[in-house]
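**Q** Position in the sequence shown counted from 1, then plus 55, gives you this note's numbering.
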Amino acid sequence: MKMGTIGTGMITEWLNTAFQDNGLECTAVYSRKEETGRRLADKYNMPKVYTDLDAMLHDEELDCIYIASPNSLHYSQAMRALEAGKNVILEKPFVSTIEECRTLIDTAKKHHRFLFEAITVPYNPNYQKIKERIGELGSLKMVQCNFSQYSSKYDKFKNNENPNVFNPQFSGGALMDINIYNAHFIIGLFGAPKSLKYVPNIAANGIDTSGILVFDYDGFLACGIGCKDSASENICQLQGDNGYIVVHSASSVCAKAEVWLKGAKEPEVIDMNESHGGHYFEVKNFKRMIENEDYDGCYKMLEYSYQVMELVHTARLEAGVRFAADQK
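1. Would you be able to state if there are at least three C-beta pairs under 8 angstroms between the stretch 254-264 and the stretch 289-305?
2. Using the Cβ count rule (16 or more neighbours within 10 Å means buried), how would you classify P255?
3. On the premise that N289 lies in contact with A305, defined as a C-beta separation below 8 angstroms, what is that separation, rounded to the nearest angstrom?
4. Could you compute how far the alpha carbon of R343 sits from the alpha carbon of E216?
5. Excluding five sequence neighbours on each side, which residues of the same chain lie with their C-beta closer than 7 angstroms to the C-beta of S226?
6. For the beta strand (DSSP E) containing D271, name the first residue and the last one.
7. If you compare alpha carbons, which of A286, L170, T264 is closest to G140?
8. Using the Cβ count rule (16 or more neighbours within 10 Å means buried), how would you classify T106?
9. Would you tell me roughly how many angstroms separate the C-alpha atoms of T158 and H113, rounded to the nearest one?
10. Check whether the Cβ atoms of F336 and Y236 lie closer than 8 angstroms to each other.
11. Quick check: the stretch 131-140 against the stretch 359-370, are there 3 or more CB pairs under 8 angstroms?
12. My output table needs one value for F341: the three-state DSSP class, helix, strand or coil.
13. Along the chain, where does the beta strand (DSSP E) containing T255 start, and where does it finish?
14. Whether or not the stretch 82-101 and the stretch 174-188 are in contact is what I'm after, with contact meaning three or more pairs of Cβ atoms, one per stretch, closer than 8 angstroms; do they touch?
15. Of the residues N142, Q132, H167, which one's Cα is nearest the Cα of E155?
16. Do Y99 and G59 come within 8 angstroms of each other at the CB atom, strictly closer than that value?
17. Could you spell out where the alpha helix (DSSP H) holding E89 opens and where it closes?
18. Indicate the three-state DSSP secondary structure (helix, strand or coil) for E373 in the structure shown.
19. Alpha carbon to alpha carbon, how far is E321 from A221? Give it in angstroms, no decimals.
20. Count Cβ pairs between the stretch 231-247 and the stretch 267-285 that sit closer than 8 angstroms; are there 3 or more?
21. What beta strand (DSSP E) runs, 3 residues minimum, are completely inside the stretch 206-236?
22. Whose C-alpha, out of D76, Y130, S194, L195, is nearest the C-alpha of A163?
23. What would DSSP say about T82, mapped onto helix, strand or coil?
24. Determine the burial state of R87: buried for a count of at least 16 other Cβ atoms within 10 Å of its Cβ, exposed for fewer.
25. Buried or exposed, going by whether 16 or more other CB atoms sit within 10 Å of the CB of H334?
26. Can you name, in chain order, every residue of its own chain whose Cβ lies under 7 angstroms from the Cβ of D109, other than the five neighbours on each side?
27. Taking the alpha carbon of T369 as the point to measure from, which residue in H331, G298, L230, F341 has its own alpha carbon closest?
28. Please report the straight-line C-alpha distance between K355 and Q224, rounded to a whole angstrom.
29. How long is the line joining the alpha carbons of L192 and C81, rounded to whole angstroms?
30. Assign E365 to one of three DSSP states: helix, strand, or coil.
31. If you compare alpha carbons, which of G78, K103, D76 is closest to E89?
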């Protein structure tokens, strides 16, 4: 299976490594600047560098396109790829708005193509095992996920520069960039809450630099903290009246977990990731679905992505965080 990539940032490098670890061929990259594309191509032995997106999308040797451009470009580039007959792996956050999400899913089904959201959480073996063990905690009371990292672009933002990740024109902000992982972690375990509220710290340009998602479920609460303006220990914890599960990592990584049941003197450890990074497992599943022509499995995951996007989209708008894409 031959891959083409759109984007040349760090996330593209991580995914290209995951593609190669899963036996996929990374053969082409698109970048607006040939020099930037050439650097990535040389690192991963990719023979083709495109500065014309349509030319890459009509390269008959390519089976699938991975898109890791700025958030606001996801929708239009994915639409063009699907309409060109390509399968698409689309980096999180899937798109900017719920309307874009539904149209994109419908287009994938219309053209009988695979479309995946590149979100690590649901495919992580540790996460899947945590899901199996939740019942042992008794009656759940509290769930918390904290994913906070001081952005490498935040100092520029404070100095009145306008990096994409903090720009409403590009659908940036903490919710879409990192708190989206917490949303997937929580909704993937418990489904839609009775209510979801987003409480952000909003900068002068209207973007959220950090914020808290508050989920209200029957009998318990959950919160997702996502910060790009400050750092913290990253942690996920699920608390019940018979014990708790703690993961000492961000929800995006879901590293080994400890299960502490009432009366235990030491924890049971969940560690099933076999030293692989989280991107390895999502790519492994994408490859399996494509090779097995498992469209039902793909489209089931798309409806899950839609559920998360719908909840997050509504909470974002109610919190007053607006993107240029909201006006389209």
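All C-beta atoms in this analysis are idealised placements derived from N, C-alpha and C, irrespective of residue type, glycine included.
**A** Taking the definition as stated:
1. no
2. buried
3. 4 angstroms
4. 43 angstroms
5. N126, S127, S151, F378, A380
6. 263-272
7. L170
8. exposed
9. 22 angstroms
10. no
11. no
12. helix
13. Note that residue 255 is Pro in the sequence shown, not Thr. Unbroken beta strand (DSSP E) run through P255: 250-257.
14. no
15. Q132
16. no
17. 89-98
18. helix
19. Sequence inspection shows Phe at residue 221; the Ala mentioned does not correspond to that position. So the two alpha carbons sit approximately 43 angstroms from each other.
20. yes
21. none
22. Y130
23. strand
24. exposed
25. buried
26. none
27. L230
28. 31 angstroms
29. 43 angstroms
30. helix
31. K103
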